[in-house]
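Working notes, structure below.
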Amino acid sequence: MDAGMPHFLFAYHGGKTPETPEETEVEIDRWQTWFDEIGPTIVDPGNPVGMSKTVSADGVAEHGGSNPLSGYTIIHTESMEQAVALAKACPIIGEGTVEVAEIHEVSM
Numbered sequence: 001m002d003a004g005m006p007h008f009l010f011a012y013h014g015g016k017t018p019e020t021p022e023e024t025e026v027e028i029d030r031w032q033t034w035f036d037e038i039g040p041t042i043v044d045p046g047n048p049v050g051m052s053k054t055v056s057a058d059g060v061a062e063h064g065g066s067n068p069l070s071g072y073t074i075i076h077t078e079s080m081e082q083a084v085a086l087a088k089a090c091p092i093i094g095e096g097t098v099e100v101a102e103i104h105e106v107s108m
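The sequence shown begins at 1 in full-length UniProt numbering and counts up one residue at a time.
In structure tokens form, the structure reads like this:
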């Protein structure tokens with residue numbers, strides 16, 4: 001990552017899986033429109049993710065636990081407030097949520 005603007009992770013949770021090819025096309029169009037709008041901020045557009053498992057000291061929760069991850073994107077912008085403003089327009093809002101977190105770069 002560059003040393004310029006802060007980077008933020010958008011972690012998508014929930015959302016509705018399209019059930020027909022037509023619904024899939026509509027959903028892809030919604031996401032593409034949003035990505036076009038936030039385009040200059042995108043560092044990594046990310047991808048949807050498959051079923052997950054949550055590992056903790058108590059064991060392993062199947063299917064990602066109570067709030068499974070459904071995908072991610074990495075952006076760069078001036079502030080957390082700007083990142084949140086962009087996330088509010090995300091197509092997943094309504095059927096799911098966007099968790100916004102600043103990424104802290106660590107030299108190894």
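Idealized CB from N, CA, C, for every residue including glycine.
Small disclaimer: the values here were computed from a predicted structure and weren't measured.
The continuous beta strand (DSSP E) containing VAL100 extends over residues 96–103. Runs of the beta strand (DSSP E) spanning 3 or more residues and lying entirely within the UniProt region "Disordered" (41–62) occur at 42–44, 54–56, 59–61, in chain order. Distance from the Cα of ILE93 is smallest, within the candidate group GLU19, HIS7, ALA11, for ALA11. Measuring C-alpha to C-alpha distances from SER52 to each of ASP29, GLU25, GLY14, VAL106 identifies GLY14 as the nearest. Residue GLY50 holds the alpha-carbon nearest to the alpha-carbon of GLY71 among GLY50, MET80, SER56, ALA57.
Within its own chain, the residues whose Cβ lies closer than 6 Å to the Cβ of PRO18, once the five positions on either side in sequence are excluded, are THR24, GLU27, listed in chain order.
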